[in-house]
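Notes follow once the structure below has been shown.
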Amino acid sequence: MSIVTVQLGQCGNQIGHEVFNAICSDVRGTHGLCSKKENESYHDACKERFFSEEESEVPVARAVLVDMEPKVISQTLSIAARSGYWKYDVGSHFCQKQGSGNNWANGYSVHGPRHKEVIMNLVQKEAEKCDRLSGFFTIMSMAGGTGSGLGAFVTQCLRDAFPTSFILNHVIWPYSTGEVIVQNYNSVLTLSHLYQSSDALLVHENDVIHKICAQLMNIKQISFRDVNQVIAHQLGSVFQPTYTAESDSHYSRNPLGDLMETLVPHPEFKMLGLRNIPQMPENSLAYSTFSWPGLIKHLRQMLIANAKMEEGIDWQVRPPRLGSSIPSSHSTNKPPHFNTSIANLVILRGKDTHSADLGSFRDPSLYPSWLSPQDAFKAWKTPRAFNKYEKSATLVSNSQFLLKPLDNVVGKAWNMFASKAYIHQYTKFGIEEEDFLDSFTALEQVISSYTIL
Numbered sequence: 115m116s117i118v119t120v121q122l123g124q125c126g127n128q129i130g131h132e133v134f135n136a137i138c139s140d141v142r143g144t145h146g147l148c149s150k151k152e153n154e155s156y157h158d159a160c161k162e163r164f165f166s167e168e169e170s171e172v173p174v175a176r177a178v179l180v181d182m183e184p185k186v187i188s189q190t191l192s193i194a195a196r197s198g199y200w201k202y203d204v205g206s207h208f209c210q211k212q213g214s215g216n217n218w219a220n221g222y223s224v225h226g227p228r229h230k231e232v233i234m235n236l237v238q239k240e241a242e243k244c245d246r247l248s249g250f251f252t253i254m255s256m257a258g259g260t261g262s263g264l265g266a267f268v269t270q271c272l273r274d275a276f277p278t279s280f281i282l283n284h285v286i287w288p289y290s291t292g293e294v295i296v297q298n299y300n301s302v303l304t305l306s307h308l309y310q311s312s313d314a315l316l317v318h319e320n321d322v323i324h325k326i327c328a329q330l331m332n333i334k335q336i337s338f339r340d341v342n343q344v345i346a347h348q349l350g351s352v353f354q355p356t357y358t359a360e361s362d363s364h365y366s367r368n369p370l371g372d373l374m375e376t377l378v379p380h381p382e383f384k385m386l387g388l389r390n391i392p393q394m395p396e397n398s399l400a401y402s403t404f405s406w407p408g409l410i411k412h413l414r415q416m417l418i419a420n421a422k423m424e425e426g427i428d429w430q431v432r433p434p435r436l437g438s439s440i441p442s443s444h445s446t447n448k449p450p451h452f453n454t455s456i457a458n459l460v461i462l463r464g465k466d467t468h469s470a471d472l473g474s475f476r477d478p479s480l481y482p483s484w485l486s487p488q489d490a491f492k493a494w495k496t497p498r499a500f501n502k503y504e505k506s507a508t509l510v511s512n513s514q515f516l517l518k519p520l521d522n523v524v525g526k527a528w529n530m531f532a533s534k535a536y537i538h539q540y541t542k543f544g545i546e547e548e549d550f551l552d553s554f555t556a557l558e559q560v561i562s563s564y565t566i567l
């Protein structure tokens, strides 16, 4: 089944381009380290997911590009076409000349309704090219105006137009030091609206990716492109074909459906975090060896200690001992900093995946008492290696990963709102104080639900 990607705003379009690049270079790589037959079925599954074939033989990305200013889209289209390995459909983009001025309300209340018909026609056209549509993958930032405001509006339109398709929003969390003075307002409005119409939100934090570039990839002067390539690699490690537990003989047919079924057991819990190991500069790979027990041990500790990357993990954090807890919904003896999960998915790629023991992720103490670990944990595997790594492991987790950043953003936005700072910038586009209050209420509910796990 195919996924239609909707790239929104500058950030969404730049990341979307890197995602297709990463997927394409992975498919073209001869490093699959698996049999020819295996490699071919991997190729076919990937092509069906992300590309449609044209007469020219160059795969065309199943994507719609939307921005309110033309520069980034025209760059993106031409760079992809010049690569010669894949391209965008020249008719699948929409841009304007004026931008959204980093104002969520402008994107949501003005540009959204004004351009709804054109944008949704492009999406419809792309969806009709799919033999079977798995759903939509939208890529957007929360800080600006177009990605966040227009992105939230387009997500609602997708939900109305395709009520039975899956929608996964990939959201970029802004730098905490700030890119835009009203980014916390924009973030609160985006998250609360997406929570109503999306099936799940997959979140990357700019601060975390920046650290990975600096400390793991050893990049001295970090550009947005470096950050975007790390994000694209992590997304590719989730979306490239794998065998699920149910389908050992053929690659998973419904990537988004399988992801939702595994990770979103309840509509109150939709925030997904992503961890991927190993990550290192290409020139270090030749000197490194990885074992499944080592990778899995690191990944599990990253999960329970809420570590953002494999360097600097707190190994002191241990799961609570079962049986010692007070039987209440939130037991008081939980160790500090312990990260409780609702659902976890581990994806292993590379050789000897069948020998990897993932029993430690089925430990009941990782999950609330009302969930059985058998339901809460799934593993997907493929013998085909991903992007130069002979062995790699990815964790997608619906857990308390994002509780602290969410609490911070809501707190900062509330402080500004309490003093009425910049509210007039939003009311002039029709977003009233009640709309802010509704958004705060919705997110406080999300925070509270994750806190009492």
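Residue 115 is where the sequence shown starts when you use the numbering used here, and the numbers rise one by one after that. Idealized CB from N, CA, C, for every residue including glycine.
8 Å contact criterion, which residue i and residue j should meet: CB distance rounded
i: Val294; j: Ala257; result: 5 Å
i: Lys325; j: Met416; result: The Cβ separation is near 13 Å, so there is no contact.
i: Gln121; j: Leu179; result: 5 Å
i: Leu370; j: Ile117; result: 6 Å
Spatial distance of residue i from residue j (CA atoms)
i: Pro379; j: Ser170; result: 43 Å
i: Phe280; j: Asp313; result: 6 Å
i: Ala532; j: Glu547; result: 11 Å
i: Lys568; j: Cys160; result: Look at the range of the chain in this structure, 115 to 567, and you will see that residue 568 is not part of it.
i: Leu520; j: Val317; result: 11 Å
i: Asn235; j: Arg273; result: 14 Å
i: Ser255; j: Asp321; result: 13 Å
i: Asp552; j: Gly261; result: 21 Å
i: Asn397; j: Gln354; result: 24 Å
i: Ser301; j: Ser363; result: 42 Å
i: Tyr536; j: Val186; result: 28 Å
i: Asp372; j: Leu308; result: 20 Å
i: Arg246; j: Gln539; result: 43 Å
i: Asn458; j: Asn298; result: 28 Å
i: Ser306; j: Asp466; result: 42 Å
i: Ser290; j: Ala346; result: 21 Å
i: Phe543; j: Val204; result: 32 Å
i: Val344; j: Val224; result: 33 Å
i: Asn332; j: Gln348; result: 17 Å
i: Asn390; j: Asp471; result: 18 Å
Nearest neighbour of residue i, chosen from the options [CA to CA]
i: Trp218; options: Leu377, Cys209, Leu303, Ala275; result: Leu303
i: Ile418; options: Thr260, Leu480, Leu409, Ala136; result: Leu480
i: Val510; options: Leu388, Lys411, Tyr564, Thr467; result: Leu388
i: Ala195; options: Lys211, Ser214, Phe251, Val174; result: Val174
i: Arg435; options: Pro478, Leu462, Arg414, Phe208; result: Pro478
i: Met385; options: Leu516, Ile566, Val268, Tyr222; result: Leu516
i: Lys502; options: Ser351, Arg163, Ile333; result: Ser351
i: Ser188; options: Arg176, Val172, Gly198, Ser206; result: Ser206
i: Pro381; options: Ser486, Gln329, Asn512; result: Asn512
i: Ala275; options: Lys230, Thr291, Lys243; result: Lys230
i: Trp484; options: Ala400, Gln210, Ile566, Ala346; result: Ile566
i: Ser311; options: Asn283, Gln488, Val237; result: Asn283
i: Phe110; options: Cys209, Pro184, Cys327, Glu240; result: Shown here, the chain extends from 115 to 567; a query on residue 110 therefore has no answer.
i: Arg163; options: Ile233, Lys518, Thr119, Ser149; result: Thr119
i: Val562; options: Gln128, Ile545, Gln514; result: One point to set straight first is that residue 562 is Ser, not Val, in the sequence displayed. Ranking the options by Cα distance to Ser562, first place goes to Gln514.
i: Gln393; options: Arg367, Asp428, Cys327; result: Cys327
i: Tyr222; options: Met182, Ser197, Gln238, Ser248; result: Met182
i: Met58; options: Arg339, Tyr564, Ala490, Gly525; result: Nothing in the structure corresponds to residue 58, since the chain is present only between 115 and 567.
i: Ile461; options: Pro497, Ser486, Gln488, Ile137; result: Pro497
Coarse secondary structure for residue i, derived from DSSP in three states
i: Ser455; result: strand
i: Val322; result: helix
i: Leu315; result: strand
i: Ser513; result: strand
i: Ser442; result: Only weak support exists for where Ser442 lies, its pLDDT of 42 falling under 50; the value from the coordinates is given anyway. Correct three-state label for Ser442: coil.
i: Phe531; result: helix
i: Met234; result: helix
i: Cys148; result: coil
i: Tyr299; result: helix
i: Phe134; result: helix
i: Trp429; result: coil
i: Cys244; result: coil
i: Glu293; result: coil
i: Ala266; result: helix
In DSSP terms, what residue i is bridged to
i: Gly249; result: Ile117, Phe280
i: Asp181; result: Cys209
i: Thr508; result: Asn390, Ile461
i: Trp494; result: Ile461
i: Leu122; result: Val180
i: Ser474; result: In DSSP, Ser474 forms no bridge with anything.
i: Ser255; result: Ile286
i: Ala175; result: Phe165, Tyr202
i: Phe353; result: For Phe353, which the question treats as bridged, DSSP gives no partner whatsoever.
i: Gly500; result: Here residue 500 is Phe; the residue named in the question, Gly, does not match the sequence. According to DSSP, Phe500 bridges with Tyr503.
i: Met385; result: Leu315
Beta carbon proximity, residue i to chain B, threshold 7 Å
i: Leu388; result: Among the protein chains of the structure shown there is no chain B, as only one such chain exists.
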